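Participant: This is the structure I have questions about; it appears just below.
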Ligand code: OXT
Ligand code: ADP
Ligand code: MG
């Protein structure tokens, strides 16, 4: 603040910081540099929490994870052009996943940028952001900051959540304003994510369809987890007695141990069902686009609860669209379904017996002993499952291919919003940023199960984890490569194959390099002990879990999406 002719002035930093605070923002994730270093410092000086990263994509991943877990947008602050573009990758991922976040970036001066004079870090960032985020806005004047921030927050959290980009122009960041005027402009937005109950006619249609169903299932997606109406969703399932299947990040929304959980009979329940009530999931690639073998090659009667009207019929006809917010709609459905008889016992029993059979088949593989250094994905993750069962509040971050698919199958979740993974894009590199965002947002301990390739995309944030002394335990599933660690060079040469990494790599030493705890383990028992110690001690911990290089399969569970080379004639 300064005075000119006795008028007290405030600068753009003040306006921005006050606007962030007015919108309930408590943390900023980012990397400082020209021209936002002093802005970042001012945020911290003002009492704001700041988490300085080593790469902006990871900072943006942290912001996205924080937004998903709390419903308040996470904020990532970057420098122009290269810093901004790094952050944009994380913002794009947040948008794909429906996580609310705000990407703030400084820019080079508009005058030079628009005439392409070659300014320091010159780039038309607004144009670049536009196609990758839900909305992008440029702030050209200090007076617009309160409105710009409110607009960013409201856009990020209302309707389908997503990332919003705010372009903080160089010129704007140098402006000042009389404090009296500033105080008039600053405000707290009212109800940024308003409830949107569905049309009663749509509810009636859905209710009739459910009542007429012989083999109904309920599919829960991460939109349902995000909606934070866990008790109502559980009540809907229990009152109707309809089996449910969670998409990966909806695991735990209702406990994986619940008797109506049909997750372990997926390949029976989806093809066999007649009516599928989808709550907060898109009918995209993860659901076979609503057709084909995933659904028994039959068109199902879909009831889709969705906030974004144009998502309906995106892949297959939806018989009963219910456009509205999940919390309102689930309450409306429960009301409409009152007195409905429970789902057919034969149908439910058939699913339950298949669930039990799958679990019984899997069980011995989870405890099978292997020679030291030859752990596979089953027995190692069996050990992870047993430890996490003791600490259900722990948030699980999970990426990789075999490391992802097997964890999703083996490690049960019993509480909502405790699992974040590669999501809609199947993205590698969400790991360490999401770990940091998750613990900062919730205070909970975090365990990350990472493929060794996946870990590499954000591995340098181990330093960030150690520097802030965060309660994060990272397990690197070290099979020495992408999918497998024993592939040979396709040309028969000595240099590494396309998928191999350094054999015998000691990822644990990355954590000890920064003062955290590093452990290398080669048996399930040692892995379990190291994880438990990490969770209990809340010390930054990295466990190098040595996995048989031959244990994985190419592309994990989605090898059907790969393209094989055509056979020569
Ligand atoms: O019913 P059936 O019999 O079918 O059985 C199912 C369930 O019923 C059963 N099940 C159970 N059984 C017993 N008990 C329990 N409790 C239970 N629960 C379930 O198990 C099966 C499977 O269940 P699921 O998963 O529900 O069913 P299904 O049919 O698999 O579901 C279909 C899908 C599509 C929903 C599911 O498969 C899914 O969610 N898949 C997500 C896959 C995904 O996103 N993968 C990540 C991307 S792969 C690839 O792209 C990689 N890259 C390239 C790359 C990427 N991605 N990003 C960037 C920025 N750059 C490059 C790379 C580099 S992966 C990768 C690295 C890999 O190497 P790593 O070293 O990191 O990892 P490793 O592989 O470990 O080496
Ligand atoms: P999954 O990957 O778990 O299948 P998706 O990300 O594909 O889930 O789908 C989530 C869906 O939930 C999105 O289409 C999104 O618009 C919707 N959604 C998110 N929040 C809400 C909400 N509060 N009410 C209704 N729909 C929502
Ligand atoms: Mg691997």
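Residue numbers (our numbering): 139 to 707. Each residue gets a CB set at the ideal place from its N, CA and C atoms; glycine is no exception. Since this is a predicted model, take the numbers as computed values, not measurements.
(1) On the DSSP letters alone, give me the boundaries of the alpha helix (DSSP H) that residue 593 sits inside.
(2) Could you check the C-alpha separation between residue 155 and residue 318 for me, to the nearest Å?
(3) Label residue 563 either buried or exposed according to how many other C-beta atoms from any shown protein chain fall within 10 Å of its C-beta, with 16 as the threshold for buried.
(4) Could you name the residues that DSSP lists as bridge partners for residue 392?
(5) For the stretch 143-181, which segments carrying the beta strand (DSSP E) assignment without a break, of at least 3 residues, lie completely within its bounds, in sequence order?
(6) Ordered along the chain, which non-local residues of its own chain (more than five positions away) have a Cβ less than 7 Å from that of residue 281?
(7) Give me, in chain order, the residues of the same chain whose beta-carbon lies closer than 7 Å to that of residue 310; leave out the 5 immediate sequence neighbours on both sides.
(8) Report yes or no: do the stretch 554-569 and the stretch 534-541 share at least 3 C-beta pairs separated by less than 8 Å?
(9) Between residue 591 and ligand 3, is there a pair consisting of the residue's CB and a ligand heavy atom that are separated by less than 6 Å?
(10) State whether the stretch 670-678 contacts the stretch 574-591, with contact taken as three or more CB pairs (one from each stretch) at a distance under 8 Å.
(11) Grab the span of the beta strand (DSSP E) containing residue 189 for me, first residue to last.
(12) Here's the rule I'm using: 16 or more other beta-carbon atoms within 10 Å means buried, otherwise exposed. How should residue 631 be labelled?
(13) Can you list, in chain order, the residues of its chain whose CB lies under 8 Å from that of residue 523, leaving out five sequence neighbours each side?
(14) Among the candidates 370, 392, 440, whose CA atom is the shortest distance from the CA of residue 452?
(15) Would you report the Cα separation of residue 483 and residue 520, rounded to the nearest angstrom?
(16) Check residue 117 in the structure and name its three-state DSSP category.
(17) Could you pull out every unbroken beta strand (DSSP E) segment of at least 3 residues lying fully inside the stretch 360-386, listed in chain order?
(18) What residue does the alpha helix (DSSP H) around residue 303 start on, and which one ends it?
(19) What first and last residue would you give for the beta strand (DSSP E) that runs through residue 415?
(20) For my contact list, residue 552 and residue 653 are in at a C-beta cut-off of 8 Å; report their separation, rounded to the angstrom.
(21) In the DSSP assignment, find the unbroken beta strand (DSSP E) run with residue 557 in it and report its ends.
(22) What would DSSP say about residue 515, mapped onto helix, strand or coil?
(23) Is residue 532 near ligand 2, in the sense that its beta carbon is under 6 Å from a heavy atom of that ligand?
(24) For ligand 3, is there any heavy atom lying closer than 6 Å to the beta carbon of residue 617?
(25) Is residue 624 a contact residue of ligand 1, with contact defined as CB to any heavy atom under 6 Å?
(26) Please tell me whether residue 334 and residue 462 are closer than 7 Å, where the distance is taken between their beta carbons.
(27) Can you give me the C-alpha to C-alpha distance between residue 529 and residue 387, rounded to a whole angstrom?
(28) Evaluate residue 269 with the Cβ neighbour count: other Cβ atoms within 10 Å of its Cβ, from every protein chain shown; 16 or more gives buried, anything less gives exposed.
(29) Please report the straight-line C-alpha distance between residue 299 and residue 561, rounded to a whole angstrom.
(30) Relative to the C-alpha of residue 404, which candidate in 497, 372, 469 has its C-alpha closest?
(31) Measuring alpha carbon to alpha carbon, tell me which residue in 685, 257, 578 is nearest residue 623.
(32) Please name the residue in 215, 475, 493 whose C-alpha comes closest to that of residue 168.
(33) Below 7 Å between beta carbons: does that hold for residue 375 and residue 348?
(34) Using C-beta distances below 8 Å, list every residue in its chain close to residue 431, excluding the 5 sequence neighbours before and after it, in chain order.
(35) Measure the alpha-carbon distance for residue 693 versus residue 159 and round it to whole angstroms.
(36) Less than 8 Å between the CB atoms is what I'm expecting for residue 110 and residue 618, so what's the real figure, rounded?
Facilitator: On the basis of the data shown:
(1) 590-594
(2) 16 Å
(3) exposed
(4) 389
(5) 145-149, 165-168
(6) 315, 323
(7) 150, 277, 278, 279, 280
(8) yes
(9) yes
(10) yes
(11) 187-190
(12) exposed
(13) 504, 548, 549, 550
(14) 440
(15) 32 Å
(16) Because residue 117 is not part of the residues shown, which for the chain are 139 to 707, the question remains open.
(17) 382-384
(18) Careful: residue 303 lies outside any alpha helix (DSSP H), inside the beta strand (DSSP E) at 301-306.
(19) 413-417
(20) That belief does not hold up - the Cβ atoms of residue 552 and residue 653 are roughly 33 Å apart, past 8 Å.
(21) 557-559
(22) helix
(23) no
(24) yes
(25) no
(26) yes
(27) 18 Å
(28) exposed
(29) 15 Å
(30) 497
(31) 685
(32) 215
(33) no
(34) 409
(35) 44 Å
(36) Outside the displayed range of the chain (139 to 707) lies residue 110, so it cannot be described from this structure.
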